[in-house]
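K.L.:
Numbering (this note's numbering), first residue to last: 3 to 126.
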């Protein structure tokens with residue numbers, strides 16, 4: 003059977019409800035939890051994990067009255083993230099439409115002259 007090298011790169015968002023004495027303690031518990039989850043990744047019969055990196059993230063902590071209020075706040079944050087992702091997809095769709103106005107996925111001939119070349123040609 004053939005072997006493939008696969009690089010999977012994505013952003014993970016964890017929405018956690020944590021009971022702690024302070025926001026700092028909640029942040030510490032969340033970081034430890036994510037670290038343990040990251041370290042728990044193991045090989046399977048079909049997949050050997052060669053490398054796994056993580057870092058450069060953000061952490062938002064806010065006090066909630068109870069579990070339900072915490073879930074509601076997390077839902078709001080997730081909705082905001084999903085909305086941002088949809089906006090990014092819409093922006094990408096607009097760029098793709100500009101690059102391929104016919105929508106046929108065919109490579110079109112483009113004028114690749116620079117603005118300086120265009121100005122020089124108009125003066126000549």
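Positions of the beta carbon are idealized from the N, C-alpha and C atoms, including for glycine.
1. Determine the direct distance from the alpha carbon of residue 38 to that of residue 31, and round the result to whole angstroms.
2. Tell me whether the beta-carbon of residue 54 lies closer than 7 Å to the beta-carbon of residue 63.
3. How would you write the range of the alpha helix (DSSP H) that residue 31 sits in, first residue to last?
4. Indicate the three-state DSSP secondary structure (helix, strand or coil) for residue 76 in the structure shown.
5. Between the beta-carbon of residue 61 and the beta-carbon of residue 29, is there less than 7 Å?
6. How close, in whole Å, do the beta carbons of residue 69 and residue 15 come, if the pair is a contact with beta carbons under 8 Å?
7. Can you list, in chain order, the residues of its chain with a C-beta nearer than 6 Å to that of residue 51? Leave out the 5 residues immediately preceding and following it.
8. Can you give me the Cβ contacts of residue 40 inside the same chain, cut-off strictly under 7 Å, excluding the 5 residues immediately before and after it?
9. Return yes when the Cβ of residue 80 is within less than 7 Å of the Cβ of residue 17, no when it is not.
10. From the DSSP output, in three-state form, read off residue 89 for me.
11. Judging by CA-CA distance, which residue of 66, 4, 48 is the nearest neighbour of residue 25?
P.N.:
On the basis of the coordinates in this document:
1. C-alpha of residue 31 to C-alpha of residue 38: approximately 11 Å in a straight line.
2. No, they are not a contact pair.
3. Counting along the chain, the alpha helix (DSSP H) containing residue 31 begins and ends at 25-41.
4. In the structure shown, residue 76 sits in a helix (DSSP, three-state: H, G or I).
5. Yes, they are a contact pair.
6. Not a contact, Cβ separation roughly 19 Å.
7. Result list for residue 51: 43, 45, in chain order.
8. Scanning its chain for C-beta atoms nearer than 7 Å, with the 5 sequence neighbours on each side dropped, one finds around residue 40 the residues 54, 56, in chain order.
9. With a cutoff of 7 Å on beta-carbon distance, residue 17 and residue 80 are scored as near each other.
10. Of the three classes helix, strand and coil, the one that applies to residue 89 here is helix, per DSSP.
11. Of 66, 4, 48, the residue nearest in Cα terms is 66.
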